[in-house]
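As they're listed, the protein sequences go chains B and V. Counted the way the UniProt record's numbering counts, the first sequence spans residues 1 to 362. Counted the way the UniProt record's numbering counts, the second sequence spans residues 1 to 362. All C-beta atoms, glycine included, are put in the ideal place defined by N, C-alpha and C. In what follows, a single structure is set out as structure tokens and then discussed.
Protein chains: 2
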Amino acid sequence: MKTKFRKLMLALTLTLLSVSLSACSIAERSGKPGLLVIQEQGSFAVGGTVITNPGTFDPLKMTPEGQTFHGDHAYVFYQIPENPRKLPLVLWHGFGQFSKTWETTPDGREGYQNLFLRRGYEVYVLDQPRRGNAGRSTQPATLAPVPDEQRWFNIFRIGVWPEYFSGVQFSRASEALGQYFRQLAPDTGPIDIDVNSDAVAALFDKIGPGILVTHSHSGGMGWQTVIKSPDIRAVVSYEPGSNFVFPEGDVPAPKPSSGGTLEGVPVPLSDFMKLTKIPIVIYYGDYIPELPSKNPGQDMWRIRLEMARLWADAVNRHGGDATVVHLPEIGVRGNTHLPFSDLNNLEIANLMSDWLAKKGLD
Amino acid sequence: MKTKFRKLMLALTLTLLSVSLSACSIAERSGKPGLLVIQEQGSFAVGGTVITNPGTFDPLKMTPEGQTFHGDHAYVFYQIPENPRKLPLVLWHGFGQFSKTWETTPDGREGYQNLFLRRGYEVYVLDQPRRGNAGRSTQPATLAPVPDEQRWFNIFRIGVWPEYFSGVQFSRASEALGQYFRQLAPDTGPIDIDVNSDAVAALFDKIGPGILVTHSHSGGMGWQTVIKSPDIRAVVSYEPGSNFVFPEGDVPAPKPSSGGTLEGVPVPLSDFMKLTKIPIVIYYGDYIPELPSKNPGQDMWRIRLEMARLWADAVNRHGGDATVVHLPEIGVRGNTHLPFSDLNNLEIANLMSDWLAKKGLD
């Protein structure tokens, strides 16, 4: 009876513990896709400058004399999941975009912000100085609502307006296109590569070592940020669009296209060498022609992919570790200029996860 | 023995269930302050309009002919905790501010976004049209970096620059003041009460019944939104600053102050009556003088508090349920114009929680 009693007790204990663990697992990041367990989240401004107006502030008149103006900072929203991986991800949007790039996709699915939180990464999404929530600029700007969305439809390679590319990984729902266009935001001051890379370097200085993920225009600004910050341990760059830096005296010839000419940017060799010390991967999507095309929305990417390859070759010639992945060449088709929010963005995220794992960065 | 065995089993079961519940509670909103359990989070644009330019789009030239421009939407970031309460909170910033108002406080503590997620509310933080992440405006704007921060220091009642008010609930750390100034953002188009209240009404139309939380300039726009949306079930308004609506023919005399004159806004009685159908609470902080003051940064709030009281009286005379709470009168001292991010914001949040509970809205 005593033995039977003990066995019963043990069975009961194990059953209840099992129920207990199963109930708890709903709260774990890897348990149920529906739940995100966040250890800490918040927002802050980082970097930037202060204008101090001469004179003495008069509290009765409150005119600009003697007042200050803080501007040109980046705005950052961050989330730290439970038991985070060792290196955070810093997600930097491209031209005309803001943090929304990485949030909910135009058709309402999860973007990189959520996907990589679920994979255990700390995620920092930023608005670069003079864009979105970092709108306070120390330089003036004149804004006008110039209709431009069909141009972005073409340049972001969804298709040639009003036709979608065959097989394009973009929802045909009109609501998706509306959300896509509404994720544009104006520049509230001139775009300044130094101001922007300073602010993102200040972010890394604040948070410590991490991985920089760039898109399009932030690609080139990302190289400048690596030169400024020793805390960037890797770069994942989606469709970098300009400002490929090369050692002085070793800049390739400018590349003409029907969408404009792209030039490399010379930097001192000692700066360039900083880009050879960390692993870098570059991804380009689909619908980039191999031969010159009359359509500027596609042709501008032909020369960028070519320049990216020359750039990676230069980095690797100097002992670096840069890879260019043209997605259709590995069988991943239909991607636009924003692969990370395309319909197959889980697959695109998996490629990034695998690369991070391969480089021992996860 | 059988009875003893049953009693033991029962005790064991209860003990293990208790352990199980206690282990699970780390995942619950009320359990451990360090963890937020989010069922869903994301962002979207809502409301707004579309400009369609005449002509035909030419993909080779990409000039504005035949192109569109989506603008004047609100931008919304939302989080739904596990097992949310029945009504979501919609948090709407004030003049010169954006969603940051509700996020991390200037001195790095949790703002209403996190505090009310922890209390089980779905939280929607928005940027109104033509502000922050909702920067795409259908109207032009000219932006200039006019030094204005000492003015805000005074108007937001931290003190009279450079002196802090005695006992003010605001950190003396210079970093806190820097973050505070950097949570300002410019208007990327003219402020338009109709555009803004339309967008927020569209948000409620999308998400259904909820509670609107306003601050300062959004206070008055909030009344307009209640008139437009049957889904707003209550309003919590911090320091509403303008656009107090009264029935036509029953508008109080304008109120002069050293910080300008405040006028009530006439609306049809049928519109005004909509404000009498839901509970409304208004909070004002400290350092608001009872008698006229030469300091405009304080005196402008004296007339607003007076107008708010006249307004609540008018609502209640018509059968409504509006309450004005002047925080020092209930013994809560030191609050600025932004009580929800002041050093005592937990106490301020508790007042709101208690009010929601009293009104059966939690």
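As assigned by DSSP and simplified to three states, the class of residue i
i	result
serine 43 (chain V)	strand
glutamine 183 (chain V)	coil
glycine 31 (chain V)	Any reading at glycine 31 (chain V) must be qualified, since the residue scores a pLDDT of 40, below 50, and its modelled position is unreliable; no value is offered.
threonine 101 (chain B)	helix
isoleucine 51 (chain B)	strand
serine 229 (chain V)	coil
alanine 312 (chain V)	helix
glycine 222 (chain B)	helix
glutamate 306 (chain V)	helix
isoleucine 38 (chain B)	strand
glutamate 248 (chain B)	coil
tyrosine 164 (chain V)	strand
serine 237 (chain B)	strand
leucine 262 (chain B)	strand
tyrosine 124 (chain B)	strand
Residue i, enclosing beta strand (DSSP E) - first and last residue
i	result
glutamine 79 (chain V)	74-81
isoleucine 207 (chain B)	Taken as a continuous stretch (DSSP letters only), isoleucine 207 (chain B) belongs to no beta strand (DSSP E), being part of the alpha helix (DSSP H) at 193-207.
arginine 131 (chain B)	Looking at the DSSP string, arginine 131 (chain B) is not in any beta strand (DSSP E), and its letter there is neither H nor E.
tryptophan 92 (chain V)	89-92
alanine 173 (chain B)	Premise fails: alanine 173 (chain B) is in no beta strand (DSSP E) and is neither H nor E.
tyrosine 283 (chain B)	279-284
isoleucine 158 (chain V)	Looking at the DSSP string, isoleucine 158 (chain V) is not in any beta strand (DSSP E), and its letter there is neither H nor E.
aspartate 321 (chain V)	321-326
leucine 143 (chain B)	141-143
leucine 212 (chain B)	210-215
Residue i, enclosing alpha helix (DSSP H) - first and last residue
i	result
serine 293 (chain V)	Looking at the DSSP string, serine 293 (chain V) is not in any alpha helix (DSSP H), and its letter there is neither H nor E.
phenylalanine 153 (chain V)	149-155
phenylalanine 57 (chain V)	Segment: none, phenylalanine 57 (chain V) is in no alpha helix (DSSP H) and carries neither H nor E.
leucine 346 (chain V)	345-358
Contact list for residue i against chain B, beta-carbon separation under 7 Å
i	result
phenylalanine 57 (chain V)	Gln150, Trp161
asparagine 53 (chain V)	Pro147
glycine 297 (chain V)	Pro59
Proximal residues of chain V, C-beta to C-beta of residue i below 7 Å
i	result
threonine 276 (chain B)	Here the premise fails: no neighbours, minimum Cβ distance about 35 Å.
phenylalanine 44 (chain B)	Thr104, Gln179
valine 213 (chain B)	Result: empty, since nearest Cβ-Cβ is about 18 Å, beyond 7 Å.
leucine 291 (chain B)	Those do not exist, as leucine 291 (chain B) stays about 17 Å from chain V at its closest Cβ, beyond 7 Å.
glycine 120 (chain B)	By Cβ distance, chain V contributes nothing, its closest Cβ being about 15 Å from glycine 120 (chain B), past 7 Å.
glutamine 41 (chain B)	Leu36, Asn114
Cutoff 7 Å: residue i Cβ touching any chain B Cβ
i	result
phenylalanine 165 (chain V)	no
leucine 184 (chain V)	yes
isoleucine 288 (chain V)	no
asparagine 196 (chain V)	no
threonine 68 (chain V)	yes
serine 25 (chain V)	Reliability fails at serine 25 (chain V), whose pLDDT of 34 lies under 50, so the model's placement of it is uncertain and the value that follows must be treated cautiously. Answer no: the Cβ-Cβ gap between serine 25 (chain V) and chain B never drops below 7 Å.
Per-residue contacts from residue i into chain B (C-beta, under 8 Å)
i	result
serine 137 (chain V)	Leu143, Pro145, Pro186
proline 140 (chain V)	Thr142, Leu143, Ala144, Pro145
glycine 319 (chain V)	Those do not exist, as glycine 319 (chain V) stays about 40 Å from chain B at its closest Cβ, beyond 8 Å.
lysine 294 (chain V)	Leu60
7 Å Cβ cutoff, residue i in contact with chain V
i	result
glycine 360 (chain B)	no
asparagine 316 (chain B)	no
valine 37 (chain B)	yes
proline 64 (chain B)	yes
arginine 29 (chain B)	Note that arginine 29 (chain B) scores a pLDDT of 37, beneath 50, so its modelled location is shaky and nothing firm can be said.
serine 22 (chain B)	Unreliable placement is indicated for serine 22 (chain B), whose pLDDT of 36 sits below 50; no coordinate value is reported for it.
asparagine 243 (chain B)	no
glycine 34 (chain B)	yes
serine 174 (chain B)	no
is_contact[residue i, chain C] using C-beta, thresh 7 Å
i	result
lysine 100 (chain V)	The chain labelled as chain C is not found among the protein chains of the depicted structure, namely B and V.
Contact list for residue i against chain V, beta-carbon separation under 8 Å
i	result
glycine 132 (chain B)	Gly132, Asn133, Gly135
Chain-ordered neighbours of residue i on chain V, where CB pairs are closer than 9 Å
i	result
glycine 48 (chain B)	Gly178, Arg182
Any non-hydrogen atom of the ligand GTP closer than 6 Å to residue i Cβ
i	result
leucine 275 (chain B)	As presented, the structure is devoid of all ligands, the ligand GTP included, so that no description of it is given.
Below 9 Å between beta carbons is the criterion; list the residues of the region 323-354 of chain B that meet it against any residue of chain V, in chain order.
-> Taking 9 Å as the Cβ-Cβ cut-off against chain V, none of the residues of the region 323-354 of chain B qualify.
Check each residue of the region 71-97 of chain V: if its Cβ is closer than 8 Å to any Cβ of chain B, include it; give the result in chain order.
-> For the region 71-97 of chain V, the set of residues with a beta-carbon nearer than 8 Å to any beta-carbon of chain B comprises Gly71, His73, Tyr75, Phe77, Glu82, in chain order.
Chain-ordered residues of the region 233-262 of chain V with a beta carbon less than 7 Å from chain B | If the cut-off is 7 Å between Cβ atoms, the region 233-262 of chain V has nothing near chain B.
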